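Here the structure is laid out as C-alpha cells; the discussion comes afterwards.
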C-alpha cells in the first residue's frame, strides 16, 4: 500500500474519534514533537475520546489469535496501519504482527484497516484489564 500517512491518520480521527477531539488529535499525530502526546490520549483515555457509536465489540481478551480472528471476520484485509508506541508506528503490518507487537509492548495502540475497521487498545495498567474495542465505520479508506 502507498504511504499516505496524513490521509490515513485524518481518516482515523474523523471516523473513530469524537468530534471534540478530532482536530487536536490529528494536529498532534501530524507533529513529530507532539505525536507521543496524541497517542497517549487514546492509550490512557480510550473510552473518553472514541466515537462510541462506532464500537461493534468490546474485547476482554489480549489473546493475539482471538483478536486477529475477530478482525479478519470483519475485514478482507490482511494488513493494517499502526498507530502506537512501538516499532510499527506509522507503518503497514500484518494484523497479527501489529496486534502481537502492541499487546507485548504493554502500551496503547490502534490498527486501522482500509475498509472501515479499527482495533484500539489502552495501555496496560498494573493489575487492571486492558480496555480494547473493535470499531466499524461505513466510510472506508480504500486505495
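In this note's numbering, the protein residues as written are 620 to 762. All residues carry an ideal CB built from backbone N, CA and C; glycine is no exception. Treat the numbers as computed from the prediction; the structure is a model and nothing was measured.
Put simply, of 731, 710, 704 and 734 the residue whose alpha carbon is nearest the alpha carbon of residue 723 is 704. Judged by DSSP secondary structure, residue 754 falls within the beta strand (DSSP E) whose first and last residues are 751-755. By the C-beta density criterion, residue 685 is exposed, having fewer than 16 other C-beta atoms within 10 angstroms. With respect to residue 670, residue 741 sits apart: the two C-beta atoms are not nearer than 9 Å. Scanning its chain for C-beta atoms nearer than 7 Å, with the 5 sequence neighbours on each side dropped, one finds around residue 750 the residues 665, 666 and 741, in chain order. For the pair residue 728 and residue 755, the Cα-to-Cα distance works out to about 16 Å. In this model, residue 652 and residue 706 are separated by some 17 Å (Cα to Cα). Cβ neighbours of residue 708 within its own chain (closer than 7 Å, five residues either side excluded): 701 and 702.
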